[in-house]
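*Asks:* Under mature numbering (1 follows the signal peptide of the UniProt record, and there is no 0), the residues of the sequence shown are numbered -19 to -1, 1 to 403, in order.
Built from N, CA and C at the ideal position, the CB exists for glycine as well.
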Amino acid sequence: MRHFVLSLCALVVDSLVAAEFHPRSDAAAECPLSTLLDNDATCAAPRLSAHRPEGDGRVEGEDRNPLLPPGWEGPSDCIREWCVFWNPELNGGIALVTTLAHAQLATSYPQVADDADASSPLPFEPTPIPGKGTGLVATRAIRKGDIIMQRTATLVAQDAAHFRLPPNLRNDLYQRAVDKLPAPRRAAFLTQIGADVYTKIDRNSFRLVFVNGSAAAPTNRDDKTAAHLGCFNDVHFFNHDCRPNTHYRITNLTHTTVAVQDIAAGDELTISYVDATLQRAERQKRLSDWGFECTCKQCSLPPREVLESDLRLQAMDWLSEELEDKVTTVGGLVELEPAMGARLVALYEQERLHAYLGHAYTRAALVYSMFEDADNAKKYAADAEVAMLREYGPANKDAVAMRALAADPENHWSWGIVRRAG
Ligand SMILES: *[C@@H]1O[C@H](CO)[C@@H](O)[C@H](O)[C@H]1NC(C)=O
Ligand SMILES: *[C@@H]1O[C@H](CO)[C@@H](O)[C@H](O)[C@H]1NC(C)=O
């Protein structure tokens, strides 16, 4: 039971924007470019030539690395443990700045086609938006749950390289990675805001975690170097809204944007750059830390409505925590009330947090099941399954759990546990 609830929390964390998570400084000593001048072990091998690290698995006389699948090139241009790996064919080109071990993981993922290659026209168009530069506007009606955009990363850098390498080495490595991209893909990458490659990654990237083994039980859970920053073409066109009409998820190397409500032709498509369930002052602070002023409708409400909204967000937060606390602490169950479930869902709906409803529905379904209210348990579990699939994709294990609950609440672990505890 504890595991189930904790796994819900983990999911929410995974899908947020990279910039929310990363301390900006990790000052490293400047390492001289020439190894001849360098006796310091930490600077021992800035191998900027096309020199390959030892043990990269290549067989003499073969020009591709047998440790990587066909189509992938590298390692090349290594600095310390980080090298460039690239595949010019995958959706027009992708380059990775990472270690051989992580490149092996990333290149083992199934390849997913960008929708740009699909035959049906995309349901949006980049359009100038007054006061916001370019945004994406729906060119036809889009239904809730429809996939709007799907993109494989163009440039991916390991967090550790991004934050720890001295700037001159890092910039050189990034330039070499960008140079590996075929010209059209490189040109699209370079249209992102930011004066140089480092700043473009800093401002536009999303967090990717290279999971080893199954997503549910990764064998590299404690691997601090699993975190990567990935840029995706066109995704930077989505403007921010604290009440977005789309939600995105990242699976392996792919960024997928889904409609979380019905969208009319002519409406702007938006995502939230920060956790939209935060109160206004905190949302504004996080956005401004990121060099961005929040002028969305929700941030610009009259003071009275801001206060009402903040109070709802506070109540949502409190209620979610209460539910989790009571479910996971000894004796907590007897203090639960079934109405907490419907109340949580109502708060999300009033706040128009359509992008996060899976969280509320899941908790509501569980609490009703705990009180042996089959009708409500089934209703919220069915809604939870649909919302979790929409928000997290077809592999989501909470969606599977909710399907089981909707189908047969009486045999779910949560059924009647309040009565048994009391
Ligand atoms: C992934 O797991 C394999 C097999 O256990 C191991 O050899 C490899 O080093 C792991 N990769 C990472 C990045 O942890
Ligand atoms: C992500 O990669 C894993 C491991 O290769 C694979 O099992 C899974 O199906 C992939 N997910 C998607 C959505 O492609």
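Any heavy atom of ligand 2 closer than 6 Å to the CB of residue 148?
*Replies:* To locate residue 148, count along the sequence shown from 1; it is residue 167. No; taking the cut-off as 6 Å, the Cβ of residue 148 has no heavy atom of ligand 2 nearer than that.
*Asks:* Hey, how far is the Cα of residue 88 from the Cα of residue 77?
*Replies:* As a working note, residue 88 is residue 107 in the sequence shown. As a working note, residue 77 is residue 96 in the sequence shown. Distance between the alpha carbons of residue 88 and residue 77: 10 Å.
*Asks:* From this set, 259, 257 and 219, which residue's C-alpha is nearest residue 249's C-alpha?
*Replies:* Counting from one through the sequence shown, the residue named residue 249 turns up at place 268. Measuring from the Cα of residue 249, the nearest candidate turns out to be 219.
*Asks:* Determine whether the beta carbon atoms of residue 66 and residue 55 lie at a separation below 7 Å.
*Replies:* Counted from its first residue, the sequence shown places residue 66 at position 85. Counted from its first residue, the sequence shown places residue 55 at position 74. A contact, by the Cβ cut-off of 7 Å.
*Asks:* Less than 6 Å between the CB of residue 46 and some heavy atom of ligand 1, yes or no?
*Replies:* The residue you call residue 46 lines up with position 65 of the sequence shown. Checking every heavy atom of ligand 1 against the Cβ of residue 46, none is found closer than 6 Å.
*Asks:* Check the C-beta distance from residue 287 over to residue 268 and give it rounded, since I have them as a contact under 8 Å.
*Replies:* As a working note, residue 287 is residue 306 in the sequence shown. As a working note, residue 268 is residue 287 in the sequence shown. That belief does not hold up - the Cβ atoms of residue 287 and residue 268 are roughly 15 Å apart, past 8 Å.
*Asks:* Roughly how many angstroms separate the alpha carbons of residue 388 and residue 359, rounded to a whole number?
*Replies:* The count along the sequence shown starts at 1 and reaches residue 388 at position 407. The count along the sequence shown starts at 1 and reaches residue 359 at position 378. So the alpha carbons of these two residues sit roughly 7 Å apart.
*Asks:* Hey, residue 384 and residue 332: beta-carbon distance below 7 Å or not?
*Replies:* Here residue 384 refers to the residue found at position 403 when the sequence shown is read from its first residue. Here residue 332 refers to the residue found at position 351 when the sequence shown is read from its first residue. No, these two residues do not count as a Cβ contact at 7 Å.
*Asks:* Sorted by chain position, which residues of the same chain lie with C-beta nearer than 6 Å to residue 162's C-beta, five sequence neighbours on each side aside?
*Replies:* In the sequence shown, residue 162 corresponds to position 181, counting from 1. Closer than 6 Å at Cβ, skipping near neighbours: 74 and 76.
*Asks:* Does the structure place the region 132 to 143 close enough to the region 169 to 186 that three or more beta carbon pairs sit under 8 Å?
*Replies:* Short answer: they touch.
*Asks:* Helix or strand or just coil, what does DSSP make of residue 350?
*Replies:* Counting from 1 along the sequence shown, the entry for residue 350 is found at position 369. DSSP places residue 350 in helix when its eight states are reduced to three.
*Asks:* Round the Cβ separation of residue 353 and residue 396 to the nearest angstrom and send it over; I've been treating them as touching at under 8 Å.
*Replies:* The residue you call residue 353 lines up with position 372 of the sequence shown. The residue you call residue 396 lines up with position 415 of the sequence shown. Contact holds; Cβ gap of about 6 Å.
*Asks:* Between which two residues does the alpha helix (DSSP H) holding residue 68 run?
*Replies:* As a first step, residue 68 must be located in the sequence shown, where it is residue number 87. Premise fails: residue 68 lies in the beta strand (DSSP E), 63 to 68, not in any alpha helix (DSSP H).
*Asks:* Reducing DSSP to helix, strand and coil, say where residue 104 ends up.
*Replies:* For the purposes of this step, residue 104 is identified with residue 123 of the sequence shown, where counting begins at 1. The answer is coil: DSSP assigns residue 104 none of H, G, I, E or B.
*Asks:* Can you give me the start and stop residues for the beta strand (DSSP E) that residue 57 sits inside?
*Replies:* The sequence position of residue 57 within the sequence shown is 76, counting from 1. Counting along the chain, the beta strand (DSSP E) containing residue 57 begins and ends at 54 to 60.
*Asks:* Are residue 409 and residue 336 touching if we call contact CB-CB under 7 Å?
*Replies:* Nothing about residue 409 can be reported from this structure: the residues present for the chain run from -19 to 403 only.
*Asks:* Please find out if some non-hydrogen atom of ligand 2 comes closer than 6 Å to the beta-carbon of residue 283.
*Replies:* Reading the sequence shown from its first residue, position 302 is the one you call residue 283. No.
*Asks:* Within the same chain, show all residues whose beta-carbon is closer than 6 Å to that of residue 50, passing over the 5 residues directly before and after it, in chain order.
*Replies:* The sequence position of residue 50 within the sequence shown is 69, counting from 1. Same-chain partners within the cutoff: 88.
*Asks:* Between the C-alpha atoms of residue 81 and residue 167, what's the straight-line distance to the nearest angstrom?
*Replies:* Taking the first residue of the sequence shown as position 1, residue 81 is located at position 100. Taking the first residue of the sequence shown as position 1, residue 167 is located at position 186. Their backbone Cα atoms lie some 23 Å apart in a straight line.
*Asks:* Residues in its own chain within less than 6 Å of residue 4 by CB, not counting five upstream and five downstream?
*Replies:* One-based indexing of the sequence shown puts residue 4 at position 23. Low confidence applies here, because residue 4 scores a pLDDT of 27, under 50, leaving its location unreliable; read the following figure in that light. Closer than 6 Å at Cβ, skipping near neighbours: no residue.
*Asks:* Exposed or buried, residue 121, counting other C-beta atoms within 10 Å across all chains shown (16 or more means buried)?
*Replies:* For this step, residue 121 is matched to residue 140 along the sequence shown. Flag for residue 121 reads exposed.
*Asks:* Taking 7 Å as the threshold (C-beta atoms), are residue 238 and residue 130 in contact?
*Replies:* Taking the sequence shown and counting its residues from 1, one reaches residue 130 at position 149. Taking the sequence shown and counting its residues from 1, one reaches residue 238 at position 257. Going by C-beta atoms, residue 130 is nearer than 7 Å to residue 238.
*Asks:* If you count every other CB in all the chains shown that lies within 10 Å of the CB of residue 243, and 16 or more means buried, which is it?
*Replies:* Start at 1 with the first residue of the sequence shown, and residue 243 comes out as number 262. When all chains shown are included, residue 243 counts as exposed.
*Asks:* Buried or exposed, going by whether 16 or more other CB atoms sit within 10 Å of the CB of residue 118?
*Replies:* The residue labelled residue 118 in the question sits at position 137 within the sequence shown. Looking at its Cβ environment, which holds 16 or more other Cβ atoms inside 10 Å, residue 118 is buried.
*Asks:* Any chance you could list the residues with Cβ under 6 Å from a heavy atom of ligand 1, keeping chain order?
*Replies:* Residues with a Cβ closer than 6 Å to any heavy atom of ligand 1, in chain order: 82, 83, 86, 193, 200, 201 and 204.
*Asks:* Relative to ligand 3, what is the chain-ordered list of residues with a Cβ closer than 5 Å to any of its non-hydrogen atoms?
*Replies:* Ligand 3 is absent from the structure shown, which contains only ligand 1 and ligand 2.
*Asks:* Just to confirm the assignment, what range does the alpha helix (DSSP H) spanning residue 391 have?
*Replies:* The residue given as residue 391 occupies position 410 in the sequence shown. Careful: residue 391 lies outside any alpha helix (DSSP H) and carries neither H nor E.
*Asks:* For residue 220, name the three-state secondary structure that DSSP assigns.
*Replies:* If you number the sequence shown from 1, residue 220 lands on position 239. Looking at residue 220 - three-state DSSP - the assignment turns out to be strand.
*Asks:* What residue range does the alpha helix (DSSP H) around residue 155 cover?
*Replies:* One-based indexing of the sequence shown puts residue 155 at position 174. Where residue 155 is concerned, the enclosing alpha helix (DSSP H) stretches over 148 to 160.
*Asks:* Could you tell me if residue 322 is buried or exposed, where buried requires 16 or more neighbouring beta carbons within 10 angstroms of its beta carbon?
*Replies:* Locating residue 322 in the sequence shown gives position 341, where the first residue counts as 1. With 16 or more Cβ atoms within 10 Å of its Cβ, residue 322 is classed as buried.
*Asks:* Residues bridged to residue 249 by DSSP?
*Replies:* One-based indexing of the sequence shown puts residue 249 at position 268. Paired residues: 118.
*Asks:* Would you mind reading off the limits of the beta strand (DSSP E) that contains residue 211?
*Replies:* The residue you call residue 211 lines up with position 230 of the sequence shown. It spans 208 to 212 - the beta strand (DSSP E) in which residue 211 sits, taken as one unbroken run.
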